[in-house]
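See below for the structure under consideration.
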Amino acid sequence: MPRLAPLFFRLCCCLCWAAAAAQDYPWPTGAGGDEASLAQAIPKLAESLLAGFHSADPATELDRRFRLQLLTARYAEAEASITALRALRADSPYPSAALHVQYQIMARAGQRMAAGEAFEPAFDRAFRELMGALDDVTAALAIRALELGYGGMEESLRSTLDRLDRQPSLQEGDALALLVQYQQATAYRRMAPRLPALVAEDDARRYLIARDLPVRTPQGATLCALVLRPRKVSQPLPALLDFTIYADPVATLIEARRTASHGYAGVVGLSRGKGCSPNKAVPYEHDGEDAAALINWIATQPWSDGRVGMYGGSYDGFTQWAAAKRMPPALKALMPSVTAAPGIDVPMDGNVFFSFVYYWPFYVTNNATVDEAVMNDRQRWWRMQRQWYVGGTAYRELDRLDGTPNPIFRRWLDHPGYDSYWQAMIPFREEFARIDIPVLTTTGYYDDGQLGALYYYQQHRQYRPDAEHYLLIGPYDHIRGQRGTIGALGEDRTQLRGYRTDPAARIELGELRYQWFDYVLRGGPRPAILADKVNYQLMGANVWKHVPSIAAMGEPVRYYLGVDRPQQDRYPLTRQVQRRNGVVSQTVALADRSDIDRVFVGGGIVNTELDTWGTKVWISEPLAQPTELSGLFSAHLELEINKRDLDLSLMLYELTAQGEYVQLSYLQNRLSYARDRTRRQLLQPGRRLSFDLQAGRLTSRLLAKGSRLLMMLGPIRQPQLQINYGSGKDVSDETLADGRQPLRLRWYGGSYLTLPLRPAG
0 MPRLAPLFFR
10 LCCCLCWAAA
20 AAQDYPWPTG
30 AGGDEASLAQ
40 AIPKLAESLL
50 AGFHSADPAT
60 ELDRRFRLQL
70 LTARYAEAEA
80 SITALRALRA
90 DSPYPSAALH
100 VQYQIMARAG
110 QRMAAGEAFE
120 PAFDRAFREL
130 MGALDDVTAA
140 LAIRALELGY
150 GGMEESLRST
160 LDRLDRQPSL
170 QEGDALALLV
180 QYQQATAYRR
190 MAPRLPALVA
200 EDDARRYLIA
210 RDLPVRTPQG
220 ATLCALVLRP
230 RKVSQPLPAL
240 LDFTIYADPV
250 ATLIEARRTA
260 SHGYAGVVGL
270 SRGKGCSPNK
280 AVPYEHDGED
290 AAALINWIAT
300 QPWSDGRVGM
310 YGGSYDGFTQ
320 WAAAKRMPPA
330 LKALMPSVTA
340 APGIDVPMDG
350 NVFFSFVYYW
360 PFYVTNNATV
370 DEAVMNDRQR
380 WWRMQRQWYV
390 GGTAYRELDR
400 LDGTPNPIFR
410 RWLDHPGYDS
420 YWQAMIPFRE
430 EFARIDIPVL
440 TTTGYYDDGQ
450 LGALYYYQQH
460 RQYRPDAEHY
470 LLIGPYDHIR
480 GQRGTIGALG
490 EDRTQLRGYR
500 TDPAARIELG
510 ELRYQWFDYV
520 LRGGPRPAIL
530 ADKVNYQLMG
540 ANVWKHVPSI
550 AAMGEPVRYY
560 LGVDRPQQDR
570 YPLTRQVQRR
580 NGVVSQTVAL
590 ADRSDIDRVF
600 VGGGIVNTEL
610 DTWGTKVWIS
620 EPLAQPTELS
630 GLFSAHLELE
640 INKRDLDLSL
650 MLYELTAQGE
660 YVQLSYLQNR
670 LSYARDRTRR
680 QLLQPGRRLS
690 FDLQAGRLTS
700 RLLAKGSRLL
710 MMLGPIRQPQ
720 LQINYGSGKD
730 VSDETLADGR
740 QPLRLRWYGG
750 SYLTLPLRPA
760 G
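All residue numbers for the sequence shown refer to numbering that gives the first Met the number 0, where the first residue is 0 and numbers rise by one.
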């Protein structure tokens with residue numbers, strides 16, 4: 000089956016340029032081998048490109064040009080190009096005045112250096128001059144860009160040099176990629192030593208900052224807090240709190256600064272055991288009571304007006320709901336994004352454990368900040384997963400394969416159902432009814448955390464139908480679903496795993512954050528994009544739509560799983576009712592490990608090939624007219640199995656007339672928990688069974704005339720996920736020996752999908 004993407008994605012910055020012309024540019028072979036040779040070769044290459052470079056897109060033209068001008072010491076021209084580029088970007092959701100401030104500082108410093116000034120005083124003067132002219136909101140974004148870690152830039156540059164350095168000449172696309180990466184990496188490398196003192200100086204004139212504030216909780220723990228307040232405001236302010244386990248001092252300061260720049264008290268609270276807290280760090284288990292205690296503390300401070308809003312994504316979205324479970328009186332609004340729901344979508348999805356969560360506890364508990372080295376040790380984790388997959392030892396023994404005790408992971412494995420352990424962390428059932436504050440949830444169709452985000456939204460609306468809870472969703476992943484399509488450097492992110500997003504999907508969720516809290520806490524207008532309770536971007540139509548509920552997004556239409564003879568191994572997915580006793584048989588050798596080194600195809604949102612290994616495929620006839628698919632799909636499956644359990648994956652695609660496969664949605668489920676995620680009910684081998692599965696990830700796409708719907712269905716078997724061999728034992732205790740008997744399935748013609756469809760228009 001296709002490999003699923005992990006839940007959490009790390010933010011990275013990369014620039015990819017397509018070759019725009021056939022012209023070659025001379026390159027001294029081996030120049031990348033040492034800094035001195037490279038420093039001589041780069042300006043010559045930049046000079047060659049600058050002489051004839053042209054792009055049909057004016058913004059691209061100016062972006063490339065100012066970088067080439069910096070590399071060729073044309074500093075005044077570079078600053079003029081940056082100014083012109085800002086004018087072109089005036090309609091961007093990102094404030095144009097913040098765009099490329101870091102490079103304007105370098106250009107201004109370069110002009111002074113050309114007049115004989117040393118770099119350090121020239122850079123410092125340029126920083127103070129340009130940053131001093133910016134308002135707080137713009138300056139906060141400019142500093143965020145300045146403080147971006149440049150390690151990834153250095154890695155990208157080295158990778159490009161390794162690829163190109165043996166070539167005697169470079170095509171324009173490769174030359175531009177090399178020059179831009181070199182310009183970025185060297186600029187940040189040179190700026191880095193000067194920034195801490197200069198940024199601190201700029202912050203000191205704008206904000207009152209209190210770091211490492213210890214806050215005692217009623218349970219006896221000590222939390223660590225950071226508070227930033229606008230220096231020019233003397234009256235008490237509402238506070239916006241980000242409560243997080245990710246104790247990165249640079250990132251937390253960036254968020255608090257941005258909040259303070261909008262006139263709020265910016266507070267970052269750290270989970271116990273992080274920052275200045277002396278306690279032991281434990282993910283999830285104490286965050287609700289700790290966040291509530293911190294909110295109560297904030298409300299008593301002289302700088303607080305007694306009202307607190309919470310924001311943040313992923314883990315920081317979970318902490319909002321964990322606090323809301325206790326509803327401290329000062330908590331007045333939430334904005335959770337791409338929200339983790341422990342026991343629902345992490346560390347398992349559909350009661351199936353992800354293997355990447357094995358090493359995540361090390362990342363957040365090894366020290367008082369975060370352990371980047373252990374998180375990025377991909378060789379170590381792949382070696383462990385490969386050894387487990389090939390050797391077939393029990394999933395519970397991953398830490399013994401790795402050689403490091405992992406008590407947190409083992410504790411999670413002790414709770415494979417959604418039992419009281421998980422229920423204690425976030426609101427459960429009727430507890431949602433007590434949450435009477437406004438909530439804005441943001442997520443994306445391609446956010447692996449969408450399952451958790453929608454779980455909270457649906458449960459809140461179910462148990463409190465009058466809840467003022469808005470959902471905003473579009474073609475975003477885990478990063479864009481909490482930050483939007485504008486990157487930390489102000490760049491437009493228009494491509495996502497092979498899919499080019501509609502212009503309407505362009506959004507800056509950081510700015511929406513403050514519009515939302517201005518609406519709730521300051522009586523401002525409700526953000527225009529929140530026109531109804533469910534607000535979604537219709538992919539392919541370049542529009543946003545607004546409806547009162549998820550159910551109102553589309554009309555239910557049944558597509559039956561055909562049982563007729565397949566064509567090219569694909570069965571018909573049809574509107575016609577099938578023979579209920581018709582059967583599609585499937586046999587899977589769960590103990591087979593011959594695929595361990597197989598190259599998997601696909602994996603993007605848009606693919607020209609699909610990996611159908613271990614699945615059965617159903618495909619519809621071409622659509623007679625453009626059709627909107629918007630909402631949640633469901634599956635009624637009738638099957639017979641020779642095992643006592645099954646972990647199932649179902650993936651849904653659009654196959655366009657041009658032969659491209661566009662990912663729409665998917666679900667995965669352990670069938671023994673399909674009827675009740677809190678209690679395991681083993682299957683009866685050899686009997687006809689039926690299951691009704693509801694997808695937890697919605698989508699919205701305008702399907703073109705001539706497109707087909709395609710579904711892949713099959714058991715889960717891959718190194719990145721727990722494997723259920725169907726013995727009926729605790730899955731974490733099963734070994735390869737439990738899978739010696741092949742899995743045999745019979746899919747009956749009474750099975751069908753229910754898809755939320757309506758004619759376009």
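Backbone N, C-alpha and C fix where the C-beta goes; we use that ideal spot for every residue, glycine too. Since the structure is predicted, the reported quantities are computational estimates derived from the model, not experimental observations.
Selected residue, minimal CA-CA separation from residue i, among the options
{"i": "Tyr724", "options": "Pro718, Leu207 and Thr734", "result": "Thr734"}
{"i": "Asp370", "options": "Asp247, Ala340 and Gln683", "result": "Asp247"}
{"i": "Lys642", "options": "Pro684, Leu651 and Ile604", "result": "Pro684"}
{"i": "Arg496", "options": "Leu412, Asp446 and Leu197", "result": "Asp446"}
{"i": "Thr221", "options": "Gln166, Tyr747 and Cys275", "result": "Cys275"}
{"i": "Val605", "options": "Gln662, Leu330, Ser648 and Thr586", "result": "Gln662"}
{"i": "Pro57", "options": "Tyr652, Thr698, Arg88 and His285", "result": "Arg88"}
{"i": "Glu779", "options": "Tyr420, Leu670, Arg592 and Asn375", "result": "Since the first residue of the chain shown is 0 and the last is 760, residue 779 is not available in this structure."}
{"i": "Pro150", "options": "Val136, Ala132 and Thr185", "result": "For the record, residue 150 in the displayed sequence is Gly; it is not Pro. It is Thr185."}
{"i": "Pro328", "options": "Tyr672, Thr368, Arg385 and Thr299", "result": "Thr299"}
{"i": "Gln461", "options": "Gly312, Arg399, Ala550 and Pro524", "result": "Ala550"}
{"i": "Ile244", "options": "Arg257, Ala259 and Leu269", "result": "Leu269"}
{"i": "Leu742", "options": "Arg716, Arg757, Ala759 and Ile142", "result": "Arg716"}
{"i": "Ala238", "options": "Leu754, Ile294 and Tyr102", "result": "Ile294"}
{"i": "Arg796", "options": "Arg379, Glu429 and Gly705", "result": "The structure shown does not extend to residue 796, since the chain spans only 0 to 760, so no value can be given for it."}
{"i": "Met374", "options": "Thr753, Arg63, Asn366 and Phe361", "result": "Phe361"}
{"i": "Ala290", "options": "Gln514, Gln319 and Pro301", "result": "Gln319"}
{"i": "Ile528", "options": "Gly522, Arg479 and Leu471", "result": "Leu471"}
{"i": "Ser664", "options": "Arg271, Leu708, Leu169 and Asp435", "result": "Leu708"}
{"i": "Glu637", "options": "Leu692, Arg162 and Tyr420", "result": "Leu692"}
{"i": "Thr655", "options": "Ser619, Ser155 and Arg686", "result": "Ser619"}
Identified DSSP bridge partners for residue i
{"i": "Val762", "result": "Because the chain here runs from 0 to 760, residue 762 falls outside it and cannot be looked at."}
{"i": "Ile208", "result": "Leu227"}
{"i": "Trp746", "result": "Val583 and Leu638"}
{"i": "Met538", "result": "Arg700"}
{"i": "Pro571", "result": "Ile618"}
{"i": "Lys279", "result": "Partner(s): none; Lys279 has no beta bridge."}
{"i": "Gln566", "result": "Arg569"}
{"i": "Val546", "result": "Val533"}
Beta-carbon spacing of residue i, residue j below 8 Å
{"i": "Arg505", "j": "Met334", "result": "no"}
{"i": "Leu681", "j": "Gly727", "result": "yes"}
{"i": "Leu252", "j": "Leu225", "result": "yes"}
{"i": "Ala144", "j": "Leu488", "result": "yes"}
{"i": "Gly553", "j": "Glu627", "result": "yes"}
{"i": "Val356", "j": "Gln667", "result": "no"}
{"i": "Ile81", "j": "Ala106", "result": "yes"}
{"i": "Val583", "j": "Lys615", "result": "yes"}
{"i": "Pro755", "j": "Pro555", "result": "yes"}
{"i": "Leu175", "j": "Leu48", "result": "yes"}
{"i": "Val266", "j": "Gly272", "result": "no"}
{"i": "Leu508", "j": "Thr441", "result": "yes"}
{"i": "Leu160", "j": "Leu169", "result": "no"}
{"i": "Asp729", "j": "Pro526", "result": "no"}
{"i": "Ala45", "j": "Ser36", "result": "no"}
{"i": "Gly131", "j": "Ala72", "result": "no"}
Test: residue i CB closer than 8 Å to a CB of chain B
{"i": "Gly390", "result": "Included in the structure is just one protein chain, with no chain B present."}
* **Meets three-Cβ-pair contact criterion under 8 Å: the segment 467 to 486 and the segment 229 to 238** => no
* Does the segment 25 to 34 come close enough to the segment 51 to 68 to have 3 or more Cβ pairs within less than 8 Å? -> With the cut-off at 8 Å, the segment 25 to 34 and the segment 51 to 68 do not touch.
* To do: Pair every Cβ in the segment 389 to 403 with every Cβ in the segment 279 to 292, then say whether three or more of these pairs are closer than 8 Å.
  => no
* To do: Could you name each continuous alpha helix (DSSP H) segment of 4 residues or more that falls completely within the segment 469 to 531, going from the start of the chain to the end?
  => Within the segment 469 to 531, the complete alpha helix (DSSP H) runs of at least 4 residues are 479 to 482 and 508 to 521.
* Sequence ranges, alpha helix (DSSP H) only - wholly within the segment 398 to 457, length at least 4 -> 406 to 412 and 419 to 422
* Inspect the CB distances between the segment 448 to 456 and the segment 515 to 525 and report whether three or more fall short of 8 Å. => No contact exists between the segment 448 to 456 and the segment 515 to 525.
* If we count Cβ pairs, one from each stretch, closer than 8 Å, do we get three or more for the segment 537 to 550 versus the segment 618 to 634? -> yes
* To do: Examine the Cβ distances between the segment 308 to 326 and the segment 422 to 440 and report whether three or more of them are shorter than 8 Å.
  => yes
* Within the segment 327 to 389, ranges of the beta strand (DSSP E) (whole runs, at least 3 residues) -> 330 to 336
* Asked: Can you list, in chain order, the stretches of the alpha helix (DSSP H) that have 4 or more residues and sit fully within the segment 143 to 204?
  -> 150 to 163 and 171 to 190
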